[in-house]
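Residue numbers (the UniProt record's numbering): 1 to 269.
Using N, Cα and C, we set each Cβ at its ideal position, and we do this for glycine too.
Computed from a predicted structure; not experimentally measured.
The structure appears below as structure tokens.
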Amino acid sequence: MESELLVDRREGWMVLTLNRPERLNALNEKLHRLLAEALEEAAHESCRAVLLTGTGRAFCAGEDVGGLALAAAEFQRSGALPPDLGVTVEAHYNPLIRRIRRLRKPVVCAVNGVAAGAGANIALACDIVLAARSAKFVQAFASIGLVPDSGGTFFLPRLIGEARARALALLGEPLPAETAQAWGLIWQVVDDGALRGEAEKLAARLAKGPTLSLAWIKEALNASSANDLDAQLDLERNLQSLAGRTPDYREGVLAFLEKRPANFTGRAS
1 MESELLVDRR
11 EGWMVLTLNR
21 PERLNALNEK
31 LHRLLAEALE
41 EAAHESCRAV
51 LLTGTGRAFC
61 AGEDVGGLAL
71 AAAEFQRSGA
81 LPPDLGVTVE
91 AHYNPLIRRI
101 RRLRKPVVCA
111 VNGVAAGAGA
121 NIALACDIVL
131 AARSAKFVQA
141 FASIGLVPDS
151 GGTFFLPRLI
161 GEARARALAL
171 LGEPLPAETA
181 QAWGLIWQVV
191 DDGALRGEAE
201 KLAARLAKGP
211 TLSLAWIKEA
221 LNASSANDLD
231 AQLDLERNLQ
241 SLAGRTPDYR
251 EGVLAFLEKR
261 PANFTGRAS
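Have a look at this one:
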């Protein structure tokens, strides 16, 4: 039986493919565990970039509502207390978002179809998001009486502004990929048939980049929303001190002077 997460190890980078197409790649405990293990592996020095995508006609439909429906039905029959969904969020979704944001490597997301609920917000947690032209992003929580999680209430207003974020969260209407790009929610829309190839080219390019520099860029951008200008300037100074002592900085300068492509190693020494 094929794994629910396909892990394709390339030279210096990894492709992680959600593989529950019959459930629109909805997340369950097993898939969360496999993702956690794969992202832990990606933290090793040999991996310098990650591509996250899905199989079939959806990127990810969020939580597998089949399990929620069974629990709700049992609640109706027995009158017992319903399951605490906050426990599920804390055990699985919050750690996943933190792993993606804190991974010291760039994470590219290729949204190959519908990204709904937590699936949409997992995509938004990634560093660069490409989407198929037919893809849609749906904050589906309110339609089943829930609240956006997986960072949705954090990412949306910062990416597209409060007015649009409120409408998407409250109405739960699908947002076409081309509108998502126009609003600044994602990086790029490509034709459906070209998505995987374009995403792989981008991940391979990032895997050959100055990995430590890219990690510090992520760190600075992650901190910027909580910092005032003075704190951010201080952080930039400190990170630049570190970057300026790396072999990749020396190589980058030499390559520029010699008018050739840089051969970055991503190593500290």
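message: In the DSSP output, what is Pro-176 paired with across the bridge?
response: Under DSSP, the beta-bridge partners assigned to Pro-176 are Lys-136.
Opening and closing residue of the beta strand (DSSP E) in which residue 343 lies: Not covered by the structure: residue 343. The range shown for the chain is 1 to 269.
- request: Would you grab the beta carbon distance between Ala-115 and Ala-123 for me? Rounded to a whole angstrom, and I think it's under 8 angstroms.
  value: At roughly 5 angstroms, the Cβ-Cβ gap stays under 8 angstroms, so Ala-115 and Ala-123 are in contact.
query: Can you tell which of Ala-220, Leu-81, Asn-227, Glu-251 has the C-alpha that lies nearest to the C-alpha of Glu-236?
result: Out of Ala-220, Leu-81, Asn-227, Glu-251, Ala-220 has the C-alpha closest to the C-alpha of Glu-236.
query: If we call anything under 8 angstroms between Cβ atoms a contact, is Gly-54 one with Asn-112?
result: Taking 8 angstroms as the cut-off, the beta carbon of Gly-54 is found closer than this to the beta carbon of Asn-112.
query: What's the gap between the Cα of Val-129 and the Cα of Ile-186?
result: 5 angstroms
field: Cutoff 8 angstroms; reference Leu-242; Cβ partners in own chain excluding five residues on either side
entry: For Leu-242, where only same-chain residues beyond five positions count, the Cβ hits under 8 angstroms are Leu-212, Trp-216.
- request: Could you tell me the boundaries of the alpha helix (DSSP H) in which Ala-120 lies?
  value: For Ala-120, the enclosing alpha helix (DSSP H) covers residues 118–125.
- prompt: Near Phe-264, what residues of its chain come up, given a Cβ to Cβ distance below 8 angstroms and the 5 sequence neighbours on each side ignored?
  reply: Lys-208, Gly-209, Pro-210, Thr-211, Asp-248, Glu-251, Gly-252
query: Any idea if Glu-22 is buried or exposed, counting beta-carbon neighbours within 10 angstroms, 16 or more meaning buried?
result: exposed
task: Using the Cα positions of Gln-240 and Arg-9, report the straight-line distance between them to the nearest angstrom.
output: 31 angstroms
- prompt: Beta-carbon separation of Cys-60 and Leu-27 under 8 angstroms?
  reply: With respect to the 8 angstroms criterion, Cys-60 and Leu-27 are classified as neighbours on the basis of their beta carbons.
message: Could you compute how far the alpha carbon of Ser-134 sits from the alpha carbon of Ala-110?
response: 12 angstroms
Counted within 10 angstroms of its Cβ, other Cβ atoms place Ser-150 as buried (16 or more) or exposed: buried
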